[in-house]
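Note that the protein sequences, when read in sequence, are chains A and B. By my numbering, the letter at position 240 of the first sequence is numbered 240, and the numbering carries on one by one without gaps. By my numbering, the letter at position 3 of the second sequence is numbered 1003, and the numbering carries on one by one without gaps. We put the CB at the ideal spot given by N, CA and C, even for glycine. Worksheet: one structure, shown below.
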Amino acid sequence: MSKVQLDNFPIGLVVTTAEGHAVLHGNKDFYRLCQQTPQSLSLLTSILTPASKIIVESFVMPLLLHEGHCSEIQLTINTPSGDKIPVLVNALMHSAEKDSIYWAISSAQKRDDLYQELINLRNDLEDKAERLKQLSETDELTKLLNRRAFVADARTMIKQAKRNNLSYSFMMLDIDHFKHINDQLGHFVGDKVIADVGALLKKYCRENDLTARIGGEEFAIFSTSNATDSASQFAEKLLKVFSSEDIQGLNVTVSIGVATSLSDDFDTLYKTADRLLYQAKKNGRNQFCAHFFT
Amino acid sequence: MFAPEHIIDRNNVYIMGSGNKVIMMAHGFGCNQTMWRFLIPELPDDYKLVLFDYVGSGAASMAEYSTSKYSSLEGYAQDIVDICKVLDLQNVSFIGHSVSGTIGLLAARAVPDRINALIMICPSPCFLNIDQGYQGGFEKHDLSELIELMDKNYIGWAEYLAPLVTGITERHPVTNELTESFCTTNPISAKNFAKATFFSDHRTILPENTHPVLLLQSDNDALASLSVGQYMEKNTPNSELQVIKGKGHCLHMTHPQDVALHIKRFLEVKCAGE
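Listed below in structure tokens is the structure:
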């Protein structure tokens, strides 16, 4: 095909050396696209933005060397007037002519706009998905985990703890005489007490502990440790914290059941912690009962 | 401690040949182990070759991909350390392309008794322009543009959008055939690898090197300039820089014989010195 005919194509066609990408031939549309002349442009890569150079060296060249061709790669070129033009690139390296690369380059402004829309949409979806995930996992009043998220996360933590030979504890905590608070001071104060208790738990729990509100005035903490008595020590500390803190002007105390194990499943721990909590209540409240499965 | 089969599967480890001496080859950003196919026939045949893909690249498993682990080069180095340990590799001569030079250095620091020499092809400890004393070649905004461009170049989009819409976040292992998988990776892991590669600055670990290092640089590389190679030679004890007459960032693919020649000489001298 003669040069005149190639010049008639509405696409930039250019042949470069394989090494260094020195321009050997370019058609009219290529020079129009990059706003260069055969005299002003010697290396194809010199018109690429730095990011596009990375794409060429990390993706395009290995693909060309490996498979002989690469298609639909979007790059950005710098024009002498300072504009950045998105372009779509197809490239070919003939097996019989490994020292040259044949490039077809076309403007990709509309494709770029479309992709930008898609990226914006994706980012928006990601944000929304993240927000929904948080909403579905969070207790509204305390901002702690809700029961569903707690159970799912605790099951995962049990698996990890078993792998690492750590003990794990399920601590169930209930606000003493909460019904009285609600009945005598109203649900508004009751809610504030729950929120304050949640905030205190968040403050004193370790970063890796799971802390949740799993029922009306019931909270749960799941933790792992390499010391089997650390959960009991923590329960003791929490009792002291609650007896010394002023919560909505009230003397709020809690009862705690602590079940620790090296091998039991979640449901067993849950039942045991629940039973121990009941025991602590029965023994007079403001105390904890603990059990370690051997 | 992981089971060997687990790591072999996780990192798509491929072993060729046998022998006590080992050459381990680590691909760079954007590619996978198939990039070594031109160099492999040129390497000495009395070595056991260990090839692999980093988790998140090539045909390695995505099941164990962790965005936080693989957001720093230390996470990638851990892949190498894991492979060395489970296969009980000793006397490892490590060949790393581009960012894998730095990753190899990090791994050699973690298991100094297993890795005993490093060969870095077109390496750079930092791709950013820091000051007049160090010009990695790129500004931060160039690299932000790179992330955007990568977004506009991935076919993995449908695969990425669908789970987001349906709420399923589990990702399936990359099991594409060679043609599809070569130089295409999961879009999330690829961007994370790009950030770890191009936004990090590991110049401070160079002086801590204790192993013989061969630096192979091309005389015209848009990603790692000659001055970067010279900086590395100056700041890395026990290193030598060899400039190969060639252009581009993939010397092991474009000039495998020249690269192999330097590697063979380096290994001979190193082994003679042991």
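Contacts of residue i in chain A (Cβ-Cβ under 8 Å)
i	result
B/MET1035	PRO62, HIS66
B/LEU1216	Neighbours of B/LEU1216 on chain A: none; closest Cβ ~15 Å, over 8 Å.
B/GLY1246	GLU19
Minimum Cβ-Cβ distance from residue i to chain A less than 8 Å
i	result
B/ASP1142	yes
B/ASP1151	yes
B/CYS1250	yes
B/LEU1146	yes
Cβ pair residue i, residue j closer than 8 Å
i	j	result
B/PHE1029	A/SER58	yes
B/LEU1118	B/HIS1249	no
A/VAL197	A/GLN248	no
A/ALA235	A/MET172	no
B/ALA1026	B/ILE1080	yes
B/ILE1023	B/ILE1095	yes
A/LYS53	B/ALA1222	yes
B/LYS1085	B/MET1150	no
A/GLN160	A/ASP112	no
A/LEU56	A/THR45	Going by the sequence as given, residue 56 of chain A is Val instead of Leu. Cβ distance < 8 Å, so A/VAL56 and A/THR45 count as in contact.
A/PHE292	A/THR224	no
A/THR37	A/TRP103	no
A/PHE242	A/ILE158	no
B/THR1254	A/GLU19	yes
A/ASN226	A/LEU166	yes
A/ALA91	A/ILE77	no
A/ALA195	A/ASN146	no
A/THR260	A/SER136	no
B/GLY1229	B/LEU1251	no
A/LEU238	A/TYR204	yes
B/LYS1021	B/ASP1046	yes
B/GLY1075	B/LYS1048	no
Interface flag, residue i vs chain B, CB-CB below 8 Å
i	result
A/ALA96	no
A/TYR102	no
A/THR156	no
A/ILE119	yes
A/TYR270	no
A/TYR204	no
Straight-line gap, residue i to residue j (C-alpha atoms, nearest Å)
i	j	result
A/VAL14	B/VAL1243	30 Å
B/ASN1176	B/THR1034	For B/ASN1176, the predicted model reports a pLDDT of 33, less than 50, meaning its position is unreliable; a value from the coordinates is still stated below. Rounded to whole angstroms, B/ASN1176 to B/THR1034 spans 13 Å at the Cα level.
B/ASN1011	A/LEU121	33 Å
A/SER232	A/ALA290	7 Å
A/PHE188	A/GLU217	14 Å
B/SER1068	B/MET1062	14 Å
A/ALA129	B/ASN1209	45 Å
A/ARG148	A/SER71	47 Å
B/PHE1127	B/LEU1089	31 Å
A/ILE181	A/THR253	12 Å
B/SER1189	B/GLY1058	11 Å
A/HIS177	B/ALA1077	55 Å
B/PHE1193	A/ARG163	28 Å
B/ILE1205	B/ASP1113	18 Å
B/ASP1009	A/TYR278	49 Å
B/PHE1198	A/ILE47	21 Å
A/LYS282	A/ILE214	21 Å
B/LYS1247	B/GLU1233	20 Å
A/PRO86	B/CYS1031	24 Å
A/VAL25	A/ARG32	A small fix is needed here, since residue 25 of chain A is His in this sequence, not Val. So the two alpha carbons sit approximately 14 Å from each other.
A/ILE221	A/LYS133	21 Å
B/CYS1183	B/GLU1145	In this prediction, B/CYS1183 scores a pLDDT of 49, lower than 50, which makes its location untrustworthy; no coordinate-derived value is stated.
Chain-ordered neighbours of residue i on chain B, where CB pairs are closer than 8 Å
i	result
A/ASP112	LYS1152
A/GLN74	LEU1149, LYS1152, ASN1153
A/TYR115	ASP1151, LYS1152
Chain B contact residues for residue i, given Cβ-Cβ distances below 7 Å
i	result
A/ILE105	Those within 7 Å of A/ILE105 in chain B number zero; the least Cβ separation is about 15 Å.
A/PRO50	PHE1138, ASP1142
7 Å Cβ cut-off: residues of chain A touching residue i
i	result
B/ASN1220	GLY20
Under 9 Å from the C-beta of residue i: neighbouring residues of chain A
i	result
B/THR1254	ALA18, GLU19, MET61, LEU65
B/LEU1223	LYS53, ILE54, GLU57, SER58
Cross-chain neighbours of residue i in chain B, by beta carbon under 9 Å
i	result
A/THR45	ALA1222
message = Going residue by residue through the segment 1072-1112 of chain B, where are the continuous beta strand (DSSP E) segments of at least 3 residues, counting only ones entirely within it?
response = 1092-1097, all fully within the segment 1072-1112 of chain B.
inquiry  = At 4 residues or longer, what runs of the alpha helix (DSSP H) sit wholly inside the segment 20-81 of chain A?
reply    = 28-34, 50-55, 61-67
task = Would you list, in sequence order, the uninterrupted alpha helix (DSSP H) runs of no fewer than 4 residues that lie entirely inside the segment 1226-1255 of chain B?
result = 1226-1235, 1251-1254
request  = Just list the beta strand (DSSP E) runs in the segment 251-290 of chain A, keeping only unbroken ones of 3 residues or longer that don't cross its boundaries, in chain order.
outcome  = Entirely contained in the segment 251-290 of chain A, the beta strand (DSSP E) runs reaching 3 residues are, in chain order, 254-261.
ask   = Whole alpha helix (DSSP H) runs in the segment 203-247 of chain A with 4 or more residues, listed along the chain?
value = Listed in chain order, they are 230-244.
ask   = Taking the runs of the alpha helix (DSSP H) that are 4 residues or longer, which of them lie wholly in the segment 165-206 of chain A?
value = Whole alpha helix (DSSP H) segments, 4+ residues: 178-185, 187-204.
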